[in-house]
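Q: Heads up: the sequence shown at position 261 corresponds to 260 in numbering that gives the first Met the number 0, and the numbers run straight through without jumps.
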Amino acid sequence: MSRLSYVIKRVGKMDFSRMMDTAKMLHKKTGKPTAALLADMGRCAVKYNAGYMDYKIAEMYRLNDAQRRTVITRGISNEIVRRMNDKAYWHFFDDKTQFNTKFAKWIQRDWIKADETLTAEALGEFLKDKEQFIFKPLEGSSGQGIEKYVKKDWENLAAFTEKIKQNGPAILEEIVIQHPEMARMCPTSVNTVRIATLLGDKQEGIVYAFLRIGNGKVMDNVDCGGMAARVDLESGMLLTVGADKQGNTFEKHPITGTSIIGFQVPYFEEAKQMCLEAMHVVPQVRFVAWDVAITPDGPRFIEGNSFPSHAVPQFAAHYPDGIGILPEFRKFLDI
Numbered sequence: 000m001s002r003l004s005y006v007i008k009r010v011g012k013m014d015f016s017r018m019m020d021t022a023k024m025l026h027k028k029t030g031k032p033t034a035a036l037l038a039d040m041g042r043c044a045v046k047y048n049a050g051y052m053d054y055k056i057a058e059m060y061r062l063n064d065a066q067r068r069t070v071i072t073r074g075i076s077n078e079i080v081r082r083m084n085d086k087a088y089w090h091f092f093d094d095k096t097q098f099n100t101k102f103a104k105w106i107q108r109d110w111i112k113a114d115e116t117l118t119a120e121a122l123g124e125f126l127k128d129k130e131q132f133i134f135k136p137l138e139g140s141s142g143q144g145i146e147k148y149v150k151k152d153w154e155n156l157a158a159f160t161e162k163i164k165q166n167g168p169a170i171l172e173e174i175v176i177q178h179p180e181m182a183r184m185c186p187t188s189v190n191t192v193r194i195a196t197l198l199g200d201k202q203e204g205i206v207y208a209f210l211r212i213g214n215g216k217v218m219d220n221v222d223c224g225g226m227a228a229r230v231d232l233e234s235g236m237l238l239t240v241g242a243d244k245q246g247n248t249f250e251k252h253p254i255t256g257t258s259i260i261g262f263q264v265p266y267f268e269e270a271k272q273m274c275l276e277a278m279h280v281v282p283q284v285r286f287v288a289w290d291v292a293i294t295p296d297g298p299r300f301i302e303g304n305s306f307p308s309h310a311v312p313q314f315a316a317h318y319p320d321g322i323g324i325l326p327e328f329r330k331f332l333d334i
């Protein structure tokens with residue numbers, strides 16, 4: 000899709016009310032006139048395929064043209080996915096039961112599919128040795144619809160089975176126990192490492208890694224109030240402050256007080272190797288963002304994303320010099 004075609008398509012779907020709210024918020028933050036910010040958003044849309052959320056998250060209002068060309072905007076991200084990932088194979092990632100089956104070697108936890116065929120007997124068998132479990136809609140993203148249930152919730156197994164069936168289709172999964180170091184950062188959520196791999200035209204390997212950190216909720220997802228910090232690919236150490244989608248930054252975790260910069264991710268080398276091996280399982284999907292939990296026994300997959308969010312890899316706080324992550328992608332492919 001050409002840049003102009005993309006812009007026209009996006010304009011047709013634009014939420015102008017939210018765009019105006021974003022411009023007003025940035026006016027308060029920067030002192031720049033709202034009209035000027037709106038005009039600049041329009042220029043960035045045409046020139047860099049940037050939406051108003053890109054403009055906000057990457058703080059494009061403070062960047063010059065050279066810096067703006069290094070931001071991985073929504074339009075650029077969409078183009079990478081379109082070129083790299085054959086949509087006929089997305090189902091291996093988008094359907095969580097198919098993902099767990101395809102990548103069972105690296106899942107290593109109990110799970111069951113919950114749809115209209117689920118029986119109380121089957122659910123009872125799954126629950127018999129569990130104190131809690133995670134409910135995930137079969138398809139979905141950004142942590143939407145994910146719930147945690149505990150033993151008291153299924154005291155009436157028949158009624159609970161009907162509730163689960165009504166809320167499905169879904170996958171029910173054994174709770175992942177994270178490494179004590181990861182729990183020290185934030186114990187309320189499983190804090191996953193997002194590792195993106197690319198089977199590129201120039202080379203293959205890992206493009207980036209970020210630790211997604213919860214902030215009091217069950218999920219670590221940035222769309223659920225979580226934050227992220229960039230992981231050094233060589234050492235597995237956090238390089239940056241934590242940052243959330245609202246532009247807040249954290250040197251220490253606001254709940255636990257754990258220092259973010261310099262935090263060492265356990266088993267990071269093993270996590271990298273797991274992703275580098277897994278990226279060849281479905282080679283028709285060449286760009287995947289893997290969400291990896293670090294357990295006391297090593298890394299485990301939570302899920303793989305065939306249409307990775309481009310939000311986390313462009314938070315302005317991770318690029319204090321204004322040079323974004325797009326140059327890293329250009330090591331793998333022409334874009």
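Yeah, the Cβ is synthetic: ideal placement off N, Cα and C, and Gly gets one too.
By Cβ distance, which residues of its chain are closer than 7 Å to Y5, with the 5 residues on each side in sequence left out?
A: Position 6 of the sequence shown, counted from the start, is the residue given in the question as residue 5. Below a pLDDT of 50, predicted positions are generally treated as unreliable, and Y5, at 49, falls in that range; the measurement from the model is reported next regardless. Cβ neighbours of Y5 beyond the five flanking positions: N48, G74.
Q: Fully enclosed by the segment 162-198, which beta strand (DSSP E) runs are 3 residues long or longer?
A: Runs found: 169-173, 192-198.
Q: Taking contact to mean at least 3 C-beta pairs separated by less than 8 Å, is the segment 226-243 in contact with the segment 291-300?
A: The answer is no - the segment 291-300 does not touch the segment 226-243, with fewer than three Cβ pairs under 8 Å.
Q: Identify, in the order they occur along the chain, each residue of the same chain with its Cβ nearer than 6 Å to the Cβ of D290, setting aside the five sequence neighbours on each side.
A: Sequence index remark: in the sequence shown, residue 290 carries index 291 (1-based). The answer, listed in chain order, is T191, R193, I301, E302.
Q: List the endpoints of the continuous alpha helix (DSSP H) containing A228.
A: Indexing the sequence shown from 1 puts residue 228 at position 229. Premise fails: A228 lies in the beta strand (DSSP E), 226-229, not in any alpha helix (DSSP H).
Q: From the DSSP output, in three-state form, read off N63 for me.
A: One-based indexing of the sequence shown puts residue 63 at position 64. In this structure, N63 counts as coil in the three-state DSSP scheme.
Q: Following the continuous beta strand (DSSP E) through Y47, name the residue where it begins and the one where it ends.
A: Position 48 of the sequence shown, counted from the first residue, corresponds to residue 47. Run containing Y47: none in the beta strand (DSSP E); it sits in the alpha helix (DSSP H), 33-47.
Q: Give the straight-line distance between the Cα atoms of T96 and Q263, rounded to the nearest whole angstrom.
A: Within the sequence shown, numbered from 1, the residue matching residue 96 stands at position 97. Within the sequence shown, numbered from 1, the residue matching residue 263 stands at position 264. Computed Cα separation, rounded: 32 Å.
Q: Terminal residues of the continuous beta strand (DSSP E) containing P298?
A: As a working note, residue 298 is residue 299 in the sequence shown. Unbroken beta strand (DSSP E) run through P298: 297-304.
Q: Between the Cα of I322 and the Cα atoms of C43, E146, M59, which residue gives the shortest distance?
A: The residue you call residue 322 lines up with position 323 of the sequence shown. Of the candidates C43, E146, M59, the one whose C-alpha sits nearest the C-alpha of I322 is M59.
Q: Nearest to P136 by alpha carbon, out of P282, I170, R285?
A: As a position in the sequence shown, residue 136 is number 137, starting the count at 1. For P136, the nearest C-alpha among the options comes from I170.
Q: Give the DSSP-derived three-state secondary structure of L232 in the structure shown.
A: Residue mapping note: residue 232 aligns to position 233 of the sequence shown, counting from 1. If DSSP states are grouped into helix, strand and coil, L232 belongs with coil.
Q: Could you pull the DSSP bridge partners for L122 from this structure?
A: For the purposes of this step, residue 122 is taken as the residue at position 123 of the sequence shown. None, per the DSSP bridge assignment.
Q: For a minimum of 4 consecutive residues, which ranges assigned as the alpha helix (DSSP H) are wholly contained in the segment 79-125?
A: If we require 4 residues or more, the alpha helix (DSSP H) runs fully inside the segment 79-125 come out as 90-93, 95-101.
Q: When the distance is taken between beta carbons, is N84 closer than 7 Å to F267?
A: One-based indexing of the sequence shown puts residue 267 at position 268. One-based indexing of the sequence shown puts residue 84 at position 85. Not closer than 7 Å, so no.
Q: Buried or exposed: S188, going by 16 or more other Cβ atoms within 10 Å of its Cβ?
A: Counting from 1 along the sequence shown, the entry for residue 188 is found at position 189. It is buried - the Cβ of S188 has at least 16 other Cβ atoms within 10 Å.
Q: Span of the beta strand (DSSP E) holding L210?
A: Numbered from its first residue, the sequence shown carries residue 210 at position 211. Start and end: 203-212.
Q: Any heavy atom of the ligand ADP within a distance shorter than 6 Å of the CB on F132?
A: Ligands are entirely absent from the displayed structure, and the ligand ADP is therefore not among its contents.
Q: Out of L198, F314, K201, which has the shortest C-alpha to C-alpha gap to L210?
A: The residue labelled residue 210 in the question sits at position 211 within the sequence shown. For L210, the nearest C-alpha among the options comes from F314.
Q: Secondary structure at L25, three-state DSSP: helix, strand or coil?
A: Taking the first residue of the sequence shown as 1, we reach residue 25 at position 26. Helix, per DSSP.
Q: What is the C-beta distance between A228 and I212, in whole angstroms, given that I count them as a contact (C-beta under 8 Å)?
A: On the sequence shown, residue 228 is found 229 positions in, with the first residue counted as 1. On the sequence shown, residue 212 is found 213 positions in, with the first residue counted as 1. Going by Cβ atoms, the distance from A228 to I212 rounds to 7 Å, so yes, they are a contact pair.
Q: Spatial neighbours of N63 within its chain, please: C-beta separation below 6 Å, excluding the five flanking residues on both sides.
A: Numbered from 1 along the sequence shown, position 64 holds the residue referred to as residue 63. Around N63: no qualifying Cβ.
Q: Give me whichever residues DSSP pairs with I293 in a beta bridge.
A: Locating residue 293 in the sequence shown gives position 294, where the first residue counts as 1. I293 pairs with P298.
Q: If I'm right that C274 touches I324 with Cβ under 8 Å, what's the distance once you round it to whole angstroms?
A: Start at 1 with the first residue of the sequence shown, and residue 274 comes out as number 275. Start at 1 with the first residue of the sequence shown, and residue 324 comes out as number 325. Their Cβ separation, rounded to whole angstroms, is 17 Å, which puts C274 and I324 out of contact at 8 Å.
Q: Thinking M278 and L332 are a contact (beta carbons under 8 Å), I'd like their distance in whole angstroms, please.
A: In the sequence shown, the residue the question calls residue 278 occupies position 279. In the sequence shown, the residue the question calls residue 332 occupies position 333. With 8 Å as the limit, M278 and L332 do not qualify as a contact, their Cβ atoms being about 14 Å apart.
Q: Here's the rule: buried if 16 or more other CB atoms are within 10 angstroms of the residue's CB, otherwise exposed. What is N247?
A: Here the question's residue 247 lines up with position 248 in the sequence shown. It counts as exposed.
Q: Is it buried or exposed for N214, if we count other Cβ within 10 angstroms and need 16 for buried?
A: In the sequence shown, counting from the first residue as 1, residue 214 sits at position 215. With 16 or more Cβ atoms within 10 Å of its Cβ, N214 is classed as buried.
Q: Mark I254 as exposed unless 16 or more other C-beta atoms lie within 10 angstroms of its C-beta, in which case mark it buried.
A: Against the sequence shown, residue 254 aligns to sequence position 255. It is exposed - the Cβ of I254 has fewer than 16 other Cβ atoms within 10 Å.
Q: Mind checking whether F92 and S305 have CB atoms under 7 Å apart?
A: The residue given as residue 92 occupies position 93 in the sequence shown. The residue given as residue 305 occupies position 306 in the sequence shown. It is a contact, given that the beta carbons lie within the stated cut-off.
Q: Name the DSSP bridge partner or partners of A242?
A: To locate residue 242, count along the sequence shown from 1; it is residue 243. Its beta-bridge partners are A227, T248.
Q: Below 8 Å, can you find three or more Cβ-Cβ pairs linking the segment 148-156 to the segment 108-117?
A: The segment 148-156, when compared against the segment 108-117, does not touch it at the 8 Å Cβ threshold.
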